[in-house]
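Structure first, commentary second.
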Amino acid sequence: MLSTGRAVTSPACAAQRRFMGAAPRTVVFLAGDHGKRAAASVAARAAGPSHPGVCLEAAAPWSMEDVAAPVTVSYEESVRQVVLKQAALAASTTPRKARLSRRDAGVLDEAFDRCGAVCKEYAKTFYLATQLMTPERRRAIWAIYVWCRRTDELVDGPNAAHTSALALDRWESRLDGVFAGRPYDMLDAALADAVAAFPAVDERPFRDMVQGMRMDLAKSRYATFDELYLYCYRVAGTVGLMTVPVMGVSPGSQAGVETVYAGALALGVANQLTNILRDVGEDARRGRIYLPQDELATAGISEADIFAGRVTVEWRSFMKGQIARARAYFQQAEQGAAELNQESRWPVSARQKFHQKIQNSQPKMLIE
């Protein structure tokens, strides 16, 4: 049994954390943070650990101040609430507006073919795995993949230097048309048809991903892992929430749909953490450090060390802990993936193995 106490980073107890196992928290939800830190993380003694790799140690007993003061929500908890709402939507959706008319079938076929071609070019193994899915599911996954890629390229593509907050505003406004059946272009038409075919696909994760792009425009440092977790959810965890309604839960699943959604989120977070660890050197050359600042300070690693590419004993020890945390999320993701429809497990497994291969091939994650 875990005692009530303060949260401390400890890779040794990473496996203890399970997303849906967090104790209920009394929280005050703050809207519209848009990547800014709206409030301090919820006190660890008010609930279980916030992330894989976080344990509890003994702490001071409760005081009247603890009881009387309003408790603000951590980013991890706010994301958890989003996941719960998405899971609830999956169980109680109503048909969306009618899909595009038959006369548009030729245009849609071409649009989906283009989406498939993009997926094949940039994620070949994933693309091959989607061939095992039904045509309707496969095409919808392609359309979502392409929208996510187009969104990412706004801040990480060849023209990223010219992307402004206004450009992201315009891009986000196009989602209204997609979900209302009024697409802006051919690729939007493919997504519009996909979300009409699968009504449980909700607009919220798409908008949250755009917010993740806003964070990349505004932030180049992350003070804590809680801040980084929000970023990972927005730019990668959202993909899982978008695609679970398309992939579907196995009819024989004994787990709740919340477990599947939590696993999808965990896979996105794990993938993004792996990307961050792989790209430390590249990001540093762009003046960006995604590693939690407080954890770097505790490890005795300065920004100058990172910019200079110093691979020290402290750095190796630090990175072992970071890799352990990512692996804990991968373990959680496996629980959710096992509950998907059989045909949908292969694409998920392909992406998971791709990122795990990165970890295994670069176990020290050196700055290069």
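Letter by letter, the sequence shown follows residues 28 to 395 of the working numbering.
Yeah, the Cβ is synthetic: ideal placement off N, Cα and C, and Gly gets one too.
Note that the structure is predicted; figures quoted are calculated from it, not measured.
Drop a sphere of 10 angstroms on the beta-carbon of T325, count the other beta-carbons inside from all chains shown, and report buried for 16 or more, exposed for fewer. Position 298 of the sequence shown, counted from the first residue, corresponds to residue 325. Classification for T325: exposed.
For a test of the three-state rule: what should DSSP assign to L159, helix, strand or coil? If you number the sequence shown from 1, residue 159 lands on position 132. Taken through DSSP and simplified to helix, strand or coil, L159 comes out as coil.
Report the partner residues of L367 according to the DSSP bridge assignment. As a first step, residue 367 is located in the sequence shown; it is residue number 340 there, counting from the start. DSSP output for L367 lists V276 as bridge partner(s).
Roughly how many whole angstroms lie between the Cα atoms of R241 and L195? Counting from one through the sequence shown, the residue named residue 241 turns up at place 214. Counting from one through the sequence shown, the residue named residue 195 turns up at place 168. For R241 and L195, the distance between alpha carbons rounds to 7 Å.
Pairwise C-alpha distance: D310 and P185: What you label residue 185 is simply residue 158 of the sequence shown in a count that begins at 1. What you label residue 310 is simply residue 283 of the sequence shown in a count that begins at 1. The straight-line gap from Cα to Cα measures roughly 16 Å.
When the distance is taken between beta carbons, is V340 closer than 8 Å to P272? Residue 272 sits at position 245 when you count from the first residue of the sequence shown. Residue 340 sits at position 313 when you count from the first residue of the sequence shown. No. Outside cutoff.
Are the CB atoms of D253 and E103 within a distance shorter than 8 Å? Against the sequence shown, residue 103 aligns to sequence position 76. Against the sequence shown, residue 253 aligns to sequence position 226. In this structure, E103 sits near D253, with a CB-CB distance shorter than 8 Å.
Name the two residues that bound the continuous alpha helix (DSSP H) containing F23. Summary: the structure shown does not reach residue 23, with the chain confined to residues 28 through 395, and so no result is reported for it.
Any contact of the stretch 314 to 328 with the stretch 149 to 156, i.e. 3+ C-beta pairs under 8 Å? no
Measuring alpha carbon to alpha carbon, tell me which residue in A365, G336, A263, V276 is nearest R176. The count along the sequence shown starts at 1 and reaches residue 176 at position 149. If we check each option's Cα against that of R176, A263 comes out closest.
Own chain, CB closer than 6 Å to L292, minus 5 neighbours either side, in chain order: Mapped onto the sequence shown, residue 292 falls at position 265. Short of 6 Å from the beta carbon of L292, and not among the five residues preceding or following it, lie these beta carbons of its own chain, in chain order: V110, G264, G267.
Tell me the DSSP secondary structure of T270 in three-state form. The residue labelled residue 270 in the question sits at position 243 within the sequence shown. Collapsing the DSSP output to three states places T270 in a helix.
Which residues in the same chain have their Cβ closer than 8 Å to the Cβ of V94, if we skip the five residues on either side of it in sequence? As a first step, residue 94 is located in the sequence shown; it is residue number 67 there, counting from the start. The predicted position of V94 is uncertain, since its pLDDT is 42 and thus under 50; a value taken from the coordinates is nonetheless stated next. Same-chain partners within the cutoff: there are none.
Please determine, among R312, A282, D306, the residue with the shortest C-alpha to C-alpha distance to A364. As a first step, residue 364 is located in the sequence shown; it is residue number 337 there, counting from the start. The shortest C-alpha separation from A364 is found at A282.
Give me the Cβ distance between G367 and V284, rounded to the nearest whole Å; I'm assuming they're in contact under 8 Å. Start at 1 with the first residue of the sequence shown, and residue 367 comes out as number 340. Start at 1 with the first residue of the sequence shown, and residue 284 comes out as number 257. Per the sequence presented here, residue 367 reads as Leu, with Gly not at that position. Not quite, the Cβ-Cβ distance comes to about 11 Å (not below 8 Å), so this is no contact.
Through-space distance from A250 to I328, alpha-carbon basis: The sequence position of residue 328 within the sequence shown is 301, counting from 1. The sequence position of residue 250 within the sequence shown is 223, counting from 1. Roughly 14 Å separates the two Cα atoms.
For A74 and S101, what's the separation of their Cα atoms in angstroms? For the purposes of this step, residue 74 is taken as residue 47 along the sequence shown, with counting starting at 1. For the purposes of this step, residue 101 is taken as residue 74 along the sequence shown, with counting starting at 1. With a pLDDT of 37 at A74, under the threshold of 50, the modelled position of that residue is not reliable, and the figure given next carries that caveat. Their backbone Cα atoms lie some 11 Å apart in a straight line.
If W12 and T157 are in contact, beta carbons under 8 Å, what's the gap, nearest whole angstrom? Here the chain has residues from 28 to 395 only, and residue 12 is not among them.
What whole-angstrom Cβ distance do L135 and A216 have, given they're in contact under 8 Å? Counting from one through the sequence shown, the residue named residue 135 turns up at place 108. Counting from one through the sequence shown, the residue named residue 216 turns up at place 189. With 8 Å as the limit, L135 and A216 qualify as a contact, their Cβ atoms being about 6 Å apart.
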